[in-house]
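To start, the structure under review is shown below, and the notes come after it.
In the working numbering, the protein residues as written are 260 to 683.
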């Protein structure tokens with residue numbers, strides 16, 4: 260790789276051991292993928308060291324002792340527990356104790372302790388064309404697609420980019436890798452794409468077809484920001500989509516032709532009501548009326564308006580969560596404080612639910628492997644309803660429960676009735 264004079268000085272130790280080591284790792288990484296040079300990155304979304312994985316907490320504690328500090332704004336992804344309310348929902352004390360150790364390490368390194376999968380909802384919106392580095396698949400695809408910032412799936416190298424402000428020019432940072440590959444002609448009526456669950460199912464269907472390539476979605480209706488987040492999260496779950504184009508709604512293509520930049524799509528697919536329904540059916544492994552003991556909303560993390568909707572639904576009906584049901588609304592800690600200020604948290608928790616921050620079910624003590632480690636029942640829950648393909652897929656795989664993918668309203672009705680309730 261071609262290095263600038265400043266980069267050479269860093270490698271030679273001019274900025275300290277930690278910076279030299281970090282840049283060396285990035286240089287080796289870039290050379291393995293034939294990157295010609297580094298670019299300056301302006302923001303990082305960092306992988307919070309989750310205590311459900313062996314050694315991650317210990318690793319960051321050791322790394323913080325090297326004196327490494329981030330040089331760009333750096334937010335953190337989710338943890339294995341809600342650091343403020345871990346006792347409320349049955350998190351083992353040992354798991355909390357291990358997880359809480361990361362707080363001092365992140366503070367020492369200058370990392371913002373946001374602990375969320377949706378940093379874009381709390382003000383971190385890098386501009387179109389900027390180079391960034393990120394973990395968390397739903398954040399990555401949103402940054403690339405909706406905002407037009409440029410990032411690869413950062414993994415462990417996110418740490419080293421945050422410390423140096425550098426990343427190899429490769430992958431989705433390059434123009435040629437951001438061209439559409441497959442065209443999806445969406446043939447759906449407005450009533451077929453009327454909620455986030457519908458957009459999630461649409462994304463799940465398409466992601467399973469394209470894998471890691473770049474789909475172009477033509478005619479996706481009138482999505483909201485929430486819909487685009489749900490769509491992207493599902494694309495990155497059934498496949499490993501890192502970038503998609505939806506002309507008129509995403510940053511880099513106003514037309515289908517612009518998305519393909521003069522090339523022809525490898526394949527063209529039509530998507531209608533049947534394909535969307537099949538995605539929902541695939542992720543629903545129980546019958547209507549079946550008992551449900553867990554309902555969760557907020558994958559990716561809910562924003563303040565979504566929490567307001569939940570509180571309003573409960574308040575208007577004077578509803579109470581069924582005594583056999585655990586009901587979670589997952590969000591980030593900043594939004595949770597705003598929700599508490601507005602009285603939404605009091606309404607939800609007064610009805611028997613919980614507003615959870617920092618984590619989500621699949622990253623929590625509910626995982627099969629974590630349950631076994633801490634002597635908890637496996638599966639920790641028997642049957643779960645949610646409005647997110649990502650949550651349904653990973654709860655089925657990692658928690659081992661039955662799942663139901665339904666709308667937000669149906670999730671709420673299910674939580675109250677204690678059995679799977681579908682209006683559609």
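Here a beta-carbon is modelled for each residue, glycine too, at the ideal position from N, C-alpha and C.
As the structure is a prediction and not an experimental result, all values here were calculated from the model.
Annotated three-state conformation of residue 442 is strand, per DSSP. For residue 303, the uninterrupted beta strand (DSSP E) run begins and ends at 303-305, by DSSP. Shown here, residue 615 sits in a strand according to DSSP, grouped into three states. Relative to residue 277, the option among 419, 577, 635, 567 whose CA is nearest is 419.
Nearest in C-alpha terms to residue 348, of all of 640, 461, 492, 568, is 640. A direct Cα-Cα distance of roughly 40 Å separates residue 334 from residue 549. Here residue 434 is exposed, its C-beta having fewer than 16 other C-beta atoms within 10 Å. Around the C-beta of residue 504, 16 or more other C-beta atoms lie within 10 Å, and the residue is accordingly described as buried. The alpha-carbon of residue 455 is positioned some 18 Å away from that of residue 396. When the beta-carbon positions are compared, residue 440 and residue 469 come within less than 8 Å of each other. One Cα belongs to residue 340, the other to residue 430, and the distance between them is close to 33 Å. Just so you know, the alpha carbons of residue 636 and residue 476 end up roughly 43 Å apart.
Bounds of the alpha helix (DSSP H) holding residue 289 are 276-291. Taking each of 480, 556, 471, 588 in turn and checking the Cα distance to residue 605, the smallest one comes out for 588.
The segment 651-659 and the segment 624-635 touch, with no fewer than 3 CB-CB distances between them shorter than 8 Å.
Here residue 615 has 341, 587, 589 as same chain residues with Cβ atoms under 6 Å from its own Cβ, once five neighbours each way along the sequence are excluded. Residue 415: not part of any alpha helix (DSSP H); DSSP gives it neither H nor E. Taking each of 617, 582, 564 in turn and checking the Cα distance to residue 601, the smallest one comes out for 564.
The alpha-carbon of residue 585 is positioned some 7 Å away from that of residue 612.
Straight-line measurement puts the Cα of residue 539 at about 30 Å from the Cα of residue 309. Between residue 464 and residue 482, the C-beta gap is not smaller than 8 Å, which leaves the two residues out of contact. Between the C-alpha atoms of residue 671 and residue 532 there is a straight-line separation of about 24 Å. Residue nearest to residue 299 within the set 373, 265, 494 is 265 (criterion: CA-CA distance).
For residue 681, same chain residues with a beta-carbon under 7 Å away, outside a window of 5 residues either side, are 547, 665, 669 in chain order.
In the structure shown, the three-state DSSP call for residue 533 is helix.
Annotated as distal: residue 579 and residue 598, with beta-carbon spacing of 8 Å or more.
If you look at residue 322, you'll find it in the alpha helix (DSSP H) that goes 315-323.
Counting of Cβ neighbours within 10 angstroms places residue 649 among the buried residues, the total reaching 16 or more.
DSSP lists 475 as the bridge partner or partners of residue 504.
Counting the other CB atoms within 10 Å of its CB gives residue 363 a total below 16, which places it among the exposed residues. Taking a 10 Å sphere around the C-beta of residue 634, we find fewer than 16 other C-beta atoms and assign the residue as exposed. Rounded to whole angstroms, the separation of the alpha carbons of residue 654 and residue 416 is 27 Å. Taking residue 357 as the centre and dropping the five residues before and after it, the same chain places the C-beta of 310, 316 closer than 6 Å to its C-beta, in chain order. The shortest CA-to-CA distance from residue 488 to any of 287, 560, 498, 541 is the one to 560. The beta carbon of residue 388 lies closer than 8 Å to those of 407, 408, 409 in the same chain, with the five residues before and after it left out.
Of all alpha-carbon atoms in 421, 428, 267, the one lying nearest the alpha-carbon of residue 295 is that of 428.
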